[in-house]
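There are 4 protein chains.
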Amino acid sequence: MASDPRITNYIAAGAWALIEPQFSAQGKQVLSTLITFLEDDCMPAEALFHQQLPESGPERWAGIPPVLETLKAKAKTLGLWNLWLSGGEFQHLAGGKGGGLSNLEYAILAEVSAHCTLCPEAMNCSAPDTGNMEVVARFGSPAQKAKYLQPLLDGKIRSAFSMTEYGISSSDASNLKNTTARIEGNKVIVNGHKWWISGAGDPRCSLHVLVAMTDPNNESKHKRHTIFFVDPKLPGVEIVRPMKVFGYDDAPEGHCEVIYKDVVLSLDDVAGGPANIGRGFEMLQARLGPGRLHHCMRAIGVANRALDLMLLRITNPIRKTFGKQLKDHGSVIADVAKSRAEIDMGRMIVLTAAKQIDLHKAKGALKEIGIAKFSVPALVSGIIDRAIQVHGAEGISQDTPLAKMWAGNRTLRFADGPDEVHMAQVGKVEIRDRLPYIQDRQLRVRRAEAKLGVRHHKL
Amino acid sequence: MASDPRITNYIAAGAWALIEPQFSAQGKQVLSTLITFLEDDCMPAEALFHQQLPESGPERWAGIPPVLETLKAKAKTLGLWNLWLSGGEFQHLAGGKGGGLSNLEYAILAEVSAHCTLCPEAMNCSAPDTGNMEVVARFGSPAQKAKYLQPLLDGKIRSAFSMTEYGISSSDASNLKNTTARIEGNKVIVNGHKWWISGAGDPRCSLHVLVAMTDPNNESKHKRHTIFFVDPKLPGVEIVRPMKVFGYDDAPEGHCEVIYKDVVLSLDDVAGGPANIGRGFEMLQARLGPGRLHHCMRAIGVANRALDLMLLRITNPIRKTFGKQLKDHGSVIADVAKSRAEIDMGRMIVLTAAKQIDLHKAKGALKEIGIAKFSVPALVSGIIDRAIQVHGAEGISQDTPLAKMWAGNRTLRFADGPDEVHMAQVGKVEIRDRLPYIQDRQLRVRRAEAKLGVRHHKL
Amino acid sequence: MASDPRITNYIAAGAWALIEPQFSAQGKQVLSTLITFLEDDCMPAEALFHQQLPESGPERWAGIPPVLETLKAKAKTLGLWNLWLSGGEFQHLAGGKGGGLSNLEYAILAEVSAHCTLCPEAMNCSAPDTGNMEVVARFGSPAQKAKYLQPLLDGKIRSAFSMTEYGISSSDASNLKNTTARIEGNKVIVNGHKWWISGAGDPRCSLHVLVAMTDPNNESKHKRHTIFFVDPKLPGVEIVRPMKVFGYDDAPEGHCEVIYKDVVLSLDDVAGGPANIGRGFEMLQARLGPGRLHHCMRAIGVANRALDLMLLRITNPIRKTFGKQLKDHGSVIADVAKSRAEIDMGRMIVLTAAKQIDLHKAKGALKEIGIAKFSVPALVSGIIDRAIQVHGAEGISQDTPLAKMWAGNRTLRFADGPDEVHMAQVGKVEIRDRLPYIQDRQLRVRRAEAKLGVRHHKL
Amino acid sequence: MASDPRITNYIAAGAWALIEPQFSAQGKQVLSTLITFLEDDCMPAEALFHQQLPESGPERWAGIPPVLETLKAKAKTLGLWNLWLSGGEFQHLAGGKGGGLSNLEYAILAEVSAHCTLCPEAMNCSAPDTGNMEVVARFGSPAQKAKYLQPLLDGKIRSAFSMTEYGISSSDASNLKNTTARIEGNKVIVNGHKWWISGAGDPRCSLHVLVAMTDPNNESKHKRHTIFFVDPKLPGVEIVRPMKVFGYDDAPEGHCEVIYKDVVLSLDDVAGGPANIGRGFEMLQARLGPGRLHHCMRAIGVANRALDLMLLRITNPIRKTFGKQLKDHGSVIADVAKSRAEIDMGRMIVLTAAKQIDLHKAKGALKEIGIAKFSVPALVSGIIDRAIQVHGAEGISQDTPLAKMWAGNRTLRFADGPDEVHMAQVGKVEIRDRLPYIQDRQLRVRRAEAKLGVRHHKL
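Protein chains in written order, with UniProt numbering: chain A, 1 to 459; chain B, 1 to 459; chain C, 1 to 459; chain D, 1 to 459.
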């Protein structure tokens, strides 16, 4: 099947040529449909969404701009719904739509969708719901699936992932200790304090996937935590405030500080039931890999959008400085070239990791995911910053999406672990995986040299 | 066909997984053979080569260390000969061996071969011979092919590409003016001055592919030059001196200053015969694309070798500073991770360009080649520099290959045009290729917004 | 006079030692007083200020947190009032307090004051008032001085500088064209549109220093504009909205979009009276130099505060990752060292420029100011970014001042002209100032070499 | 005394203005004389020196180009001899000439002298002699002073500093172990292996300041080593080979591998006599500080020379690319500006450290020296690299001094300890020096906030 010619306006022609052979006919079809949906429906709705969202006050958090539901309905009709299930073990949940695609294909879809902030949610492919749905699907009881999974798959409710705690390096979940769950008979009493709980401010939020300490003294630090499915309408759940990201409150979802005060659950609220008490850490491990890569996929799309805005700006005929259009300044055109190169490099690194997931699941792709995790957001920061610079003051204002894009991308440098942690891990895996071979090769070379009569200078 | 498990010690597992589906059984077979040849024959011979090469004096330039011929004979036997012909229009010249491979496959082979400085020449795949052979094959007369092409294909002689001139931005060949060829009847009298003529110092060098000005007043600056095939034993050809690269003379090949003083050629020495007078610029254009990419392919291999040396060094148990092995210092392990990531990104960019050449020839891959050209050498500089830093003073000395690798790679930032020129070109192509679509999309979005009732703030 | 030992906690000991000999006894005294004021009064008041400022709604822009007036009163008492007048031609206006200091001394004072966001205004040393006061003092009529200068000097009112226009590279004021002033008899009718007018949202703002086009067809583009002193309470002056910097509205001052619709002025509102019509560009030139440097002075203080916060964080004993305090990670301690070095380098560049202003006025210090302008904000961006990174998500939130500091500093890379413009100017001045000498020296060396018998290789 | 107007062609006008008040009349006089000597004598002699030095073979190491002695004689006459003694405790040795200058003044002199590779030695101010002279002056016995110090001060002999060993992180001298001195009665038998012994290849070299292990089992690792003054003509001292820096052998001085085989010394050859056995580490500590800074001083001068060459190149009218002179390309002029800024920042950091030595000796300036040590060579690498890039291939060749300058500067990133070590030390000192004050200030602010009624959000 021939590719939609529009694709190479999103995925650089060179990259597309390299991976097209690995795209199924279905994958190409979905991609083509997505581009139409993005351009005809999502992009024009973006400004409307912000127009429909109250600027401040409690009403800013009370409802969701209606245009979003319109988009969701359309995405369902077009078969662009729940595509994140592609390539994973839960594709059957996709209900025949979107299933059968590979992670490689999904990576491209996710990238393209990120050209518009509304598109990922419109396709029911946005964080933290995707990761949470995976947790419920993998570990939930039938009753939990009925209560939470189906409405999430249908886009009827939203969810929050209630893990990170103040003062804790939460990227290592075994450190968590500010939230405890005390079991008393069939009851579970939760007390605790979380922050940066994305989505908890959303009026539709109907599930907190909560990590709480149940056995603080267990000698294995990997058996001290349990995951609970918590209904945020329960007494004692308090949304304290939204944390801000460089001044943005990210309403209506928010990244909230949340207090759990004597919240009463039952043992049936343990993810998968009481037998799973103490398996929190294990469940979290399964959740993290693909989510990290999803962020990187979308970050590439965001960078490409920034470059698009940069191209429009520097070729705007009314924008001349010192008698020249911006594009005719040597340093500006060099910045375009660098941005193009970095987007293309970043994309290929993401695709490399996605392919590894296709072949070896997330667990077998940790090195490649790690490389993407510390490389892509850093590259994207620079790309958006250059786009900002050619826009002057407009670039940091509310009149372009660039400043908010930059701020959002900045968070990726510590979300799910800071760059430094991922670098250390990748470096160690590199040594573990390759050093034995290199040492052995060196030994063989030395032996062969001896036979050839090579005399090494002796120091 | 299953892949040789050694491959992922050269080509990162993630990258290999992504491109393996595009590798033919033959490609995998050749790659496997190459790895064996590299490790068993080339790598041990490298030190011997330098042992056989006199350290100074005229004898340094008088012969070639015999081990090289041994390697060449072996490479022929193994079918590793003239693989550069792969994927191009001249694969038939490969004589059944190596033909049929794609540029994508060759890119990987070239990268692996660069782990040893001798390997590319041992396989008859080194610059400037490959580019020169292409010129003779494409434009040469039957007599010229017999005289020059066959011996070059057989590795019996070597050649030089006599283009660059002092004081001239030679990356734009239309600027060349220091060498003229005056036609007098059937005779051609050449006078001129060139420098940085790689390979001209080699005692085996038997062909100068010479660019000379034949029609300085032609109104088209693209019709002023002609290519000649010159035998360097002719009277008047003087090899003045080797230019040095950060102190290295790169014997026995050298990058020489050459004077042509009243060298007498015949019209039959015009590339392809007298009808091609004035077609020099056109012929040069065809030569440049793939050669630029070949340098990048090998640069990735060089970077990987630097990383290998870095791994060996930082895990050397006798090397402790402040009580820790180097690998246990946070900044060192981060440098390993960065180097790994950059090699992988650089490789994918090279492969992207190679694939474009497979699909659209070099002419259709200029943007992708340009991106590789300005991105890869810059990344590789940093990677080798980090490897040097962990080696301390040893890293800049003659006791590791790192300093020479760094110096050689530094030349790539202006060979075939400085970074700045390639960035400007890539930036312009990006605007040309994508701006119309982006502008049109913006227009469509604005129209759709109007229908939705979006009110843009009017400034 | 011995220096206050607290100074070296603000100004690195090395830098202080270098410049202390150029500090007068009075300068040291003021600096000491400032440190006490900063620590005892301003820093504790910062959180209170934000507590007193309504979070949203019109009341956010309706008043000023009362603590600011408390600080201003105290600063006056302490002789820390209007210190910006130091070293300039208007020191007599300082009323005996603060006068007599050099720009070098003021640079240090400004840096220290920037450790707290309230301190510069508390000392009546904040933009845009300082620049505006200079304009009124230099060009204003006696009546204008009585109406505007005295209340500004007394801190009774505030002002805005109404220059920048949408769609215009306003760093070159001769480009401005969106605001016109039509003269009809003794009346002047202003119509126009401005944005990024800092301070226009402040309820105390009682003066717009407005740049309007009065003679669009004047053949000299430097005579087309006129400066007017406009009372923002006049009919037709509309504050449309505050522009946001990333997500910050910077209330209660704001960077506002302003529309002037048929605003009626009189000829007496021309800066200095009707004789000055057409002298707008000239007046602007005088205004820009020192202001640019003031921003850099404060940026260094901001960077130092970021480093202080970083030190507190990485030594916080409850913050351990992987069993170590952050300070014990190699890359973190290296980031501290780099930040220290960059702050010290940035400060010395600022002091170099300040000294040049002392010697040659701003006009004679354009190169040094330009170097500071493009170097300091870029360095400071990196320093704050590192401080953010060690804070994790807290670093980008409202719970530390770091994110807002970063956003504010980012604006400096195009405020008063983007980096690229300043680099181009500095590069040109470097060539103009030094090339003749270098060329002459080269000529003399060549002549001397000839006498010595040096034979240069001839190419 | 008015300054020589030529100064600001070497020391940027801004920097000069800042430090001129700290220059004595004598300092200005010497600086003026130096500039004349540099331009009239040294610069023209540089090419002659290389003409007089054989290109290869043993004769390359057999003598010294005679022009050097001519320069030395002239420098003595001009009072430019042994200026390095300025500001230190040994100024009396300067014999009335050069004495009395400060380290700050010497820093400027050293920078200017580095514009020509010959000038530092011509003034008897080059490494390793300066450090070695200091060791002999400080610790030597009267006989040792007579034998070594006086001829060194007179420039009659040269010396080597024999410390670094293969496989040892020699930046921490307590690690040294490959060279031992066995004491037998009055005899001392030295056996050992050193490398990177700068100056040991020089035919004039008449002293090795040798660090050998005398008491390997001493429980204090700082008492295991002893310094000996060794005459390299003694039997058993073998100069094995010069180590190369990139491709440069740095003849006639060389950085040599040296073997000591049963070299017989007497106890009188211990630095200062037998009582000093075991004081080697202590003596080394005293030697390192100022030497590190001297390298940085000269590195700034080298960078300035690179910029001078860059200016000449980009304004060369015959050098046009794409119809423009290089200086008219936006990225080139930006590179000039960046280089100017970085030179100026690097210089001020060096001067800051020099001033600290003036006030607190080297021991009290370790932080400032450390900052210069890791900042300046890194900046200078980038500056020279840019100068190389505008020169194209010529920039890496033997036809400009740029490549050798780059290679020499690269060594500074590990000479006397790698960047990483110095960063770690500076970071730790920063924490030690400033954290207590910052913590105390924070405590005071919190207390004052409480009084003001500030309510901090409790997490």
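Where a beta carbon is used, it is the ideal one built from N, C-alpha and C, also for glycine.
Q) Just how far apart, CA to CA, sit A/Thr77 and A/Asn217? A) Their backbone Cα atoms lie some 51 Å apart in a straight line.
(Q) Bridge partners for B/Met348 per DSSP, in chain order? (A) Answer by DSSP bridge pairing: none, since B/Met348 is not bridged.
Q | 6 Å Cβ shell around A/Ala303 - same chain, five flanking residues per side excluded | A | Ile343, Val380 and Ile383
Q: Out of A/Glu368, A/Gly247, A/Ala200 and A/Leu443, point me to the one whose CA is closest to A/Ala127's CA.
A: A/Ala200
Q: Give a yes or no on whether 8 Å exceeds the smallest Cβ distance from A/Tyr248 to chain C.
A: yes
Q.
Between which residues of its own chain and C/Arg319 is the CB-CB distance below 8 Å, once the five residues before and five after are set aside?
A. These residues qualify, in order along the chain: Arg313, Gln325 and Leu326.
**Q.** Whole-angstrom distance between D/Glu184 and D/Pro151, CA atom to CA atom
**A.** Approximately 30 Å, taken between the alpha carbons.
Q | Min CB distance C/Pro65 to chain D below 8 Å | A | no
Q) Using the beta-carbon count (16 or more within 10 Å), is A/Glu105 buried or exposed? A) A/Glu105 is buried by the Cβ-count criterion.
Q: Would you grab the beta carbon distance between B/Leu452 and A/Leu118 for me? Rounded to a whole angstrom, and I think it's under 8 Å.
A: Rounded, the Cβ-Cβ distance is 13 Å, inconsistent with contact.
Q.
I'd like the list of long-range same chain contacts for A/Pro317, defined as Cβ closer than 8 Å, with 5 residues on each side in sequence excluded.
A. Gln325
Q. Beta carbon of A/Ala110, beta carbon of A/Lys72: below 8 Å?
A. Against a cut-off of 8 Å, the Cβ pair of A/Lys72 and A/Ala110 comes out as no contact.
Q.
For B/Thr214, count the other beta carbons within 10 Å of its own beta carbon; 16 or more makes it buried, fewer makes it exposed. Which is it?
A. buried
Q. Any idea which residues DSSP pairs residue 513 of chain A with across the strands?
A. The question about residue 513 of chain A has no answer here: the residues shown for chain A are numbered 1 through 459.
Q. Does D/Ala62 get closer than 8 Å to chain B when you measure Cβ to Cβ?
A. no
Q) When the cut-off is 8 Å and only beta carbons count, does B/Glu46 lie next to chain D? A) Answer no: the Cβ-Cβ gap between B/Glu46 and chain D never drops below 8 Å.
(Q) Starting from D/Arg305, trace the beta strand (DSSP E) in both directions and tell me its first and last residue. (A) Taken as a continuous stretch (DSSP letters only), D/Arg305 belongs to no beta strand (DSSP E), being part of the alpha helix (DSSP H) at Gly280 to Ile314.
Q: Using a Cβ cut-off of 8 Å (strictly closer), state whether C/Ser331 contacts chain B.
A: yes
Q) For D/Arg279, which residues from the same chain have a beta carbon less than 6 Å from its beta carbon, with the 5 sequence-adjacent residues on both sides left out? A) none
**Q.** Residues bridged to B/Pro242 (per DSSP)
**A.** B/Cys256
Q: Please classify D/Pro5: is it buried, with 16 or more other beta-carbons within 10 angstroms of its beta-carbon, or exposed?
A: D/Pro5 is exposed by the Cβ-count criterion.
Q: Specify whether the segment 243–253 of chain B and the segment 49–62 of chain B touch according to this definition: at least 3 beta carbon pairs, one from each stretch, less than 8 Å apart.
A: yes
Q: Closer than 6 Å by C-beta to D/Ser102: which residues in its own chain qualify, once you throw out the five before and the five after it? Chain order, please.
A: These residues qualify, in order along the chain: Gly87 and Asp358.
(Q) Relative to the C-alpha of C/Arg298, which candidate in C/Trp84, C/Ala393 and C/Pro242 has its C-alpha closest? (A) When the alpha-carbon of C/Arg298 is set against those of C/Trp84, C/Ala393 and C/Pro242, the nearest one is in C/Trp84.
**Q.** Members of the segment 400–431 of chain D that neighbour chain B once the beta carbon cut-off is set at 8 Å
**A.** Ala403, Lys404, Trp406, Ala407, Arg410, Thr411, Arg413, Phe414, Ala415, Pro418, Asp419, Glu420 and Val421
Q. Do C/Val240 and C/Ile189 have their CB atoms nearer than 8 Å?
A. no
Q) Is A/Lys458 buried or exposed, if buried means 16 or more other CB atoms sit within 10 Å of its CB? A) exposed
Q.
When you compare the CB of B/Thr321 with every CB in chain D, is at least one pair closer than 8 Å?
A. Yes - at least one Cβ of chain D is within 8 Å of the one on B/Thr321.
Q) Under the rule that 16 or more other beta-carbon atoms within 10 Å means buried, what is C/Arg455, buried or exposed? A) exposed
Q: Return the CA-CA distance between A/Glu449 and B/Asp399, expressed in angstroms with no decimal places.
A: 16 Å
(Q) Taking contact to mean 3 or more Cβ pairs, one atom from each stretch, closer than 8 Å, check whether the segment 62–70 of chain B and the segment 20–34 of chain B are in contact. (A) no
Q: From the DSSP output, in three-state form, read off residue 461 of chain B for me.
A: The question about residue 461 of chain B has no answer, for chain B in this structure spans 1 to 459.
Q: Keeping to the same chain, check which residues put their C-beta closer than 6 Å to that of D/Asp40; ignore five residues upstream and five downstream.
A: none
Q.
In whole angstroms, give me the CA-to-CA distance for C/Val211 and A/Glu69.
A. C-alpha of C/Val211 to C-alpha of A/Glu69: approximately 48 Å in a straight line.
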